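Residue numbers (my numbering): 1 to 99.
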């Protein structure tokens, strides 16, 4: 690294680390209370756990990224319902191509 780059790196502030969506998405986990609610539906939880890690992170991030509690709960309920039916969340489903 060049001296200017090293200097800039050393001058960084901790309050600007991990604030962007792409940084938060890597560690997306449901809150303990939400996970407990999800685990209560064994069929839905089994399907969710059988999905690849990228899907679980993306689906969890969709739930936790909502700003309002009402929206978080609605998204969690939808995730549980979709998982119970063995479906991916709507945003990640492939369209049939038919109109």
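Cβ atoms here follow ideal geometry from the backbone N, Cα and C, with glycine treated the same way. The structure displayed is predicted, hence computed values, not measured ones.
Item: At 4 residues or longer, what runs of the alpha helix (DSSP H) sit wholly inside the stretch 16–96?; Value: 21–24, 32–39, 42–50, 53–64, 69–84
Item: Confirm, please, whether the CB-CB distance from residue 63 to residue 46 is below 9 Å.; Value: no
Item: Helix, strand or coil for residue 4 per DSSP?; Value: helix
Item: Pull up the CB-CB distance for residue 55 and residue 88, whole angstroms please, since I reckon it's below 8 Å.; Value: 7 Å
Item: Measure the C-alpha to C-alpha separation of residue 8 and residue 31 and round it to an integer number of angstroms.; Value: 35 Å
Item: Between 33, 69, 68, 86, which lies nearest to residue 49 when the distance is taken from Cα to Cα?; Value: 86
Item: What's the C-alpha gap between residue 78 and residue 51?; Value: 16 Å
Item: With a threshold of 7 Å on Cβ separation, who are the neighbours of residue 83 within its own chain once the five nearest residues in sequence on each side are excluded?; Value: 44, 47, 48
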